[in-house]
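Worksheet for the structure shown next.
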Amino acid sequence: MRIGEIAIVASSLEPKLEFIKIASDEIPIESADFVFGRIMINNQLVVHLYGLNCQQEDSVSLDVVSKKVLGYIVLFNWDDEESLEQAKQIVDTLKVKKNVPVVIAANLNKNTTPIPQQLVNIDLNLSEFCDFTFYQASDPISVKQVLVVLIDSVLEKLN
21 MRIGEIAIVA SSLEPKLEFI KIASDEIPIE SADFVFGRIM INNQLVVHLY
71 GLNCQQEDSV SLDVVSKKVL GYIVLFNWDD EESLEQAKQI VDTLKVKKNV
121 PVVIAANLNK NTTPIPQQLV NIDLNLSEFC DFTFYQASDP ISVKQVLVVL
171 IDSVLEKLN
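Just so you know, we're using the numbering used here here: the sequence shown kicks off at 21 and counts up by one.
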């Protein structure tokens, strides 16, 4: 069986836990600092999702997973300026891993009107080496679309 590994990073446990719970078939490990989920694609492929901390002082788990991870998904809340600033710090930490794809995903509350992607890429500009997308944490299709964006980015880097 082949295993693909994706790191989910955010400024707190809650968005990682919510994202992984919705995306995964099962959550085998959940603690105050770490979440692990599994998606069975078929009998030959499984995807592991690791909810990791990404602060400079806590980079041990990040360093261990970084050696074999397909990419990173950085989560933040679109309505929360502090969450955006923390996402920028996470992206800065990940910049040293330039050959690994990073997707920045902004969670939209149900009452938020989506902003056209072209405007966000111009105005937000978190990083040139990252892809950016919106999602709704409560919508399983939206959460899985974030994973598709990352997989597309992985495939682009292979070509």
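The beta-carbon is built from N, C-alpha and C at its ideal position, and this holds for glycine as well.
Computed from a predicted model, the values in this text were never measured in an experiment.
Quick one: using the 10 Å Cβ neighbour count with 16 as the cut-off for buried, is V168 buried or exposed? One-based indexing of the sequence shown puts residue 168 at position 148. Counting every other CB atom within 10 Å of its CB across the protein chains shown gives V168 a total below 16, marking it as exposed.
Determine the direct distance from the alpha carbon of N62 to that of V166, and round the result to whole angstroms. In the sequence shown, residue 166 corresponds to position 146, counting from 1. In the sequence shown, residue 62 corresponds to position 42, counting from 1. Their Cα atoms are separated by approximately 20 Å.
Suppose the cutoff is 7 Å on Cβ atoms and the five residues either side in sequence are ignored; what does the same chain contact list for F39 look like? Numbered from its first residue, the sequence shown carries residue 39 at position 19. Hits under 7 Å: I28, L95, A157 and V163.
What is the DSSP secondary structure of A43, counted as helix, strand or coil? Your numbering for residue 43 matches position 23 in the sequence shown. DSSP places A43 in helix when its eight states are reduced to three.
Look at the alpha carbon of G24 and the alpha carbon of G57, and state the distance between them as a whole number of angstroms. Counted from its first residue, the sequence shown places residue 24 at position 4. Counted from its first residue, the sequence shown places residue 57 at position 37. So the alpha carbons of these two residues sit roughly 12 Å apart.
Where does the unbroken alpha helix (DSSP H) through D100 begin, and where does it stop? Here residue 100 refers to the residue found at position 80 of the sequence shown. It is not in any alpha helix (DSSP H) - D100 carries neither H nor E in the DSSP assignment.
For G71 versus K108, is the C-beta distance shorter than 9 Å? Counting from one through the sequence shown, the residue named residue 71 turns up at place 51. Counting from one through the sequence shown, the residue named residue 108 turns up at place 88. Not in contact: G71 and K108 (Cβ atoms no closer than 9 Å).
Coarse secondary structure for V123, derived from DSSP in three states: Numbered from its first residue, the sequence shown carries residue 123 at position 103. Strand at V123.
Please tell me whether L170 and G91 are closer than 9 Å, where the distance is taken between their beta carbons. Locating residue 170 in the sequence shown gives position 150, counting from the first residue. Locating residue 91 in the sequence shown gives position 71, counting from the first residue. Cβ distance < 9 Å, so L170 and G91 count as in contact.
Neighbour-count burial assignment, A30, 16 or more Cβ in a 10 Å radius: The residue given as residue 30 occupies position 10 in the sequence shown. That one is buried.
Between V122 and C150, how many whole angstroms is the CB-CB distance? I'm expecting something under 8 Å. One-based indexing of the sequence shown puts residue 122 at position 102. One-based indexing of the sequence shown puts residue 150 at position 130. About 4 Å; that satisfies the 8 Å criterion.
Would you kindly work out how many angstroms separate the C-alpha atoms of L65 and I93, rounded to a whole number? On the sequence shown, position 45 is the one that residue 65 refers to. On the sequence shown, position 73 is the one that residue 93 refers to. Cα to Cα, the separation comes out at about 20 Å.
What are the boundary residues of the beta strand (DSSP E) that V29 is part of? If you number the sequence shown from 1, residue 29 lands on position 9. R22 to V29 is the span of the beta strand (DSSP E), which, as asked, contains V29.
Just verifying my parser: in three-state terms, what is the DSSP assignment at D53? Along the sequence shown, one-based indexing puts residue 53 at 33. D53 sits in coil when the DSSP states are folded into three classes, being neither helix nor strand.
Please list the terminal residues of the continuous alpha helix (DSSP H) segment that includes V66. Working through the sequence shown from its first residue, we reach residue 66 at position 46. First-last for V66: L65 to L72, but that is the beta strand (DSSP E), not the alpha helix (DSSP H).
Residue closest to R22, alpha-carbon to alpha-carbon, out of E50, V67 and S51: Reading the sequence shown from its first residue, position 2 is the one you call residue 22. When only C-alpha atoms are compared, the closest one is V67.
Reduced DSSP secondary structure (H/G/I, E/B, other) of V116: For the purposes of this step, residue 116 is taken as residue 96 along the sequence shown, with counting starting at 1. In this structure, V116 counts as coil in the three-state DSSP scheme.
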